[in-house]
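See structure below.
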Amino acid sequence: MTDDASSFTFASIGDLHVKDGQSGSLRELFQAISKSAGALVLCGDLTDTGTPAQAEILAKELRVCSVPVIGVLGNHDYESGHADEVKRILCDAGVHLLDGQAAEVNGVAFIGVKGFAGGFGPRMLSSFGEPAIKTFVAEAMNEAMRLENIMRTVNSRRAVVVLHYAPIVDTVEGEPLEIYPFLGCSRLAETIDRFKVCAVVHGHAHRGKYEGRTPAGARVYNVAMGVQKPSGLPYALISV
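Just so you know, we're using the UniProt record's numbering here: the sequence shown kicks off at 1 and counts up by one.
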C-alpha cells in the first residue's frame, strides 16, 4: 500500500456467493464502496452455484455502485454450466469481467484470470502419470500462460493482478492443510514475478490470511469475504 497523494485506492472483495432469493443485502456495501474507493474489484465466486438467476440478482445489486466494477469469475460461477450466460448478464450490467484481459482505471491496469489449483512450492502437482493428472496440471499451466500473455501487453506503470485462486501459500494459511492444493497454485506467482506488479488480489480461501508476498516480493491480498481485513470491513481498501 501507499499513502502517496497520487495513489489510487480501490476496494476488493471475493466470494459474495449470491444465492437464489437474495435481494438487497449487498446494496449498502456497494454504496459504501462507491464513497471510499475509485473502483470495485471482485475476485470470483460472485454467485453461489453459477445460475443466471443469481447473476441477475447481483447485477441488480450492483446498480447502486457508482464506480467502475472489475472482476473475474470463480469456480462456483462455473458450477451449473452457465458461465457464459453469467458473464453476459454481468457484462451487460457494466462489469468489466476479465478472463485473460486487462482493464485500465485512472492509470492502473487490472489484469485478470481465474487461475486454478495445483498446490504450492516443491509440493506442487507435476504433470506425471495418468492422463487425468496431466489434464489437471495443464489447466493450471494454461491459466498461468494466459496471465503471462496479457501481462506482456500491459505498459501501465501500475499493474494489479486479479485472481480467484491463490498464487501463494501464505494467504491460504488457516485453511485445513488437506485442501491447500485445491486453493491455488505457485505457477501463478512464478508468472507474476516476471513482471512489475503493485498488488495481487484473490479470494477462494475463506479462512485464509489477509496478506502475503510472492517470492519476489509482490504484495498479495486474500480478499475473500470471510477473511478479516485491517479495516474491519468485509472488503479490502488497497492503494497503489
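Just so it is clear, CB atoms sit at the ideal spot from N, CA and C, and this is done for glycine as well. Since the structure is predicted, the reported quantities are computational estimates derived from the model, not experimental observations.
What separation, rounded to the nearest whole angstrom, lies between the Cα atoms of V201 and S126?
The C-alpha of S126 is placed about 25 Å away from the C-alpha of V201.
Legend entry - Start-end ranges of the beta strand (DSSP E) lying completely within the segment 90-166, minimum 3 residues: The DSSP assignment places complete beta strand (DSSP E) segments of no fewer than 3 residues inside the segment 90-166 at 101-105, 108-112, 158-162, in order along the chain.
Next on the checklist: By DSSP's criteria, H202 is part of a beta bridge. Which residues make up the other side?
Outcome noted: The bridge partners DSSP lists for H202 are N222.
query = Within this structure, are the beta carbons of L73 and G44 separated by less than 8 Å?
reply = yes
> Taking just the CA atoms, how far does T9 sit from G115?
Replying inline: 24 Å
Which word fits L117, buried or exposed, when buried means at least 16 other C-beta atoms lie within 10 angstroms of its C-beta? Going by the sequence as given, residue 117 is Ala instead of Leu. Result: buried.
Report the option in T51, E143, Y210, K209 whose CA atom is closest to the CA atom of D20.
T51
### Query
Per DSSP, I13 is paired with what?
L42
Ends of the alpha helix (DSSP H) at I33?
27-36
**Asked** What number of angstroms, rounded off, separates the C-alpha of H82 from the C-alpha of E143?
**Response** 20 Å
field: Residues of its chain near S7, where Cβ-Cβ distance is below 7 Å and the 5 sequence neighbours each way are ignored
entry: These residues qualify, in order along the chain: S239, V240.
According to DSSP, is R187 part of a helix, a strand, or is it coil?
helix
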